[in-house]
Amino acid sequence: MIQTVLTTLVEVIVPLSIPVGAGALLGRFKNLDTKPLLTLYLYFLSPAIILDTLATAEISFDDVYKTLAFSLLNLFLLWLLATLIGKILKLDGPEAAGLTLIATFTNSVNYGLPLVLLAFGQLGLDKASVYVIGQMVIVNTIGVYFAARSQFSVRSAVKSVFSLPAIYAAILALLLRALGLQLPHELASGVSMAAAAYSPVVLAILGAQMVKVRSAPVERNVQLAFWTGLSVRLLLAPLLAALVLTVLNISGTLFSVLLILASMPVAVNSVVLAERFGSSPALVSRCIVWTTLASFLVLPVLIAVVGG
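In the numbering used here, the protein residues as written are 505 to 812.
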């Protein structure tokens, strides 16, 4: 078991740590501006990898159904868990909202996809694509609701979803599959080239973002919420995900991929929502940094357990 964990650490985490570390160093010493890179990621690289993956992915309707069922059920149970814990601990409104964001939204897009590709290969990436598209929709709808229930607008949430190019890339890929068509070879090669740039760029962005959120101060009255959020994301979330996957009778590669994606550290986008709607951004920022650092130890163990 220990040898398997160490092998996973070397073969999966070490390669991932190189672009993350480079991004962190650039952010720390060169004050790397991630805004242009985020634009590149959101409007070019993300649609490219979604189109490239979904157009040829080895996924069945059963995979899609089970992935969507898992996403919604796991999200509901995590929200319920965070809500109950918040009430038991009598957390203030902002900390309770921050805990909900910490518990429910993971870094499955710009950390999860590269990790799955390295750990489970192209088949794993195929299985992950449906989950990632679902997460993009959920974060821009339910995520906004969790962060600002009193300010939530269904119209704005729907508008934000359809402003994501990745959604249209997914629709195009599904249409091509339904019609039995393929992109011309030249276009497909260009899309694949862009998709290959996805992992190093988004991991470098992650490293730079971690440096920026690390300095966020946390008041003493937020410490309890911080340790609670850390425990939920690193310990309870993987256990709950495994339970939901078992109940839904999901097995094989799909089980492994969904378990890993559901066990990822806190999503970086969570702090954007927290800052915008006053959901204790200091709490969320600190949990992003520490769950990401802890994931370099926790995720190899999970991958070894599920047989990655």
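Using N, Cα and C, we set each Cβ at its ideal position, and we do this for glycine too.
As the structure is a prediction and not an experimental result, all values here were calculated from the model.
Going by the beta-carbon positions, is the gap between residue i and residue j smaller than 9 Å?
i: LEU549; j: SER633; result: no
i: MET714; j: ALA528; result: yes
i: LEU544; j: VAL705; result: yes
i: ALA771; j: VAL643; result: yes
i: ALA552; j: ALA699; result: yes
i: LEU617; j: SER703; result: yes
i: ALA708; j: ILE554; result: no
i: LEU605; j: ILE589; result: no
i: LEU740; j: THR795; result: no
i: LYS591; j: ALA600; result: yes
i: LEU787; j: VAL726; result: yes
i: LEU629; j: PRO519; result: no
i: LEU738; j: ALA692; result: no
i: LEU546; j: LEU627; result: no
Among residues of its own chain, excluding the 5 on either side of residue i, which ones have a beta-carbon nearer than 7 Å to its beta-carbon?
i: ILE754; result: LYS570, PHE574 and LEU762
i: LYS716; result: GLY531
i: THR560; result: none
i: LYS631; result: ILE563, ASP567, THR757, LEU758 and VAL761
i: THR538; result: ILE709, ALA712 and GLN713
i: ALA778; result: GLY602, LEU605, ALA651, SER784, PRO785 and VAL788
i: PHE624; result: THR757, SER760, VAL761 and GLY812
i: LEU679; result: none
i: PRO598; result: GLY782, SER783 and SER784
i: LEU595; result: LEU603 and ALA729
i: ALA701; result: LEU549
i: THR508; result: ALA808
i: ASP556; result: VAL695, SER696 and ALA699
Return the chain-ordered list of same chain residues with a C-beta closer than 8 Å to the C-beta of residue i, the five sequence neighbours on each side being excluded.
i: ILE517; result: PHE800, LEU803 and PRO804
i: LEU593; result: LEU728, ALA729 and THR732
i: ARG681; result: LEU558 and ALA559
i: VAL524; result: LEU707, ALA708, LEU710, GLY711 and MET714
i: LEU585; result: ALA607, VAL736, LEU740 and LEU744
i: LEU752; result: LYS570, ALA573, PHE574 and LEU577
i: THR587; result: ALA600 and THR604
By the DSSP assignment, the alpha helix (DSSP H) with residue i in it spans what residues?
i: SER696; result: 689 to 700
i: ASP556; result: 550 to 560
i: GLN626; result: 617 to 643
i: VAL736; result: Where VAL736 is concerned, there is no enclosing alpha helix (DSSP H), given that its DSSP letter is neither H nor E.
i: LYS813; result: Outside the modelled stretch of the chain, which goes from 505 to 812, sits residue 813, for which no answer is possible.
i: GLN507; result: 506 to 512
i: THR610; result: Taken as a continuous stretch (DSSP letters only), THR610 belongs to no alpha helix (DSSP H), as it is neither H nor E.
i: ILE792; result: 785 to 810
i: LEU676; result: 669 to 683
i: GLY531; result: 518 to 533
i: PHE759; result: 756 to 766
i: LEU546; result: First-last for LEU546: undefined, no H or E at that position.
Below 8 Å on the Cβ atoms is my contact criterion, and I expect residue i with residue j to pass it. Report the Cβ-Cβ distance as a whole number of Å.
i: LEU577; j: VAL748; result: 5 Å
i: GLY811; j: SER760; result: 7 Å
i: THR608; j: ILE807; result: Actually they do not touch by this definition, with Cβ atoms about 22 Å apart.
Residues in the same chain with beta-carbon distance under 6 Å from residue i, minus the five sequence neighbours each way, listed in chain order, please.
i: ILE522; result: none
i: VAL736; result: ALA607
i: LEU536; result: LEU530 and ALA712
i: THR672; result: In the sequence under discussion, the amino acid at residue 672 is Tyr, which differs from the Thr named in the question. Around TYR672: no qualifying Cβ.
Could you say if the region 578 to 585 and the region 742 to 758 meet the contact criterion of at least three C-beta pairs nearer than 8 Å? yes
Is it true that the region 636 to 643 meets the region 610 to 626, where meeting means three or more beta-carbon pairs spaced less than 8 Å apart? yes
Between the region 683 to 700 and the region 534 to 542, are three or more C-beta pairs nearer than 8 Å? no
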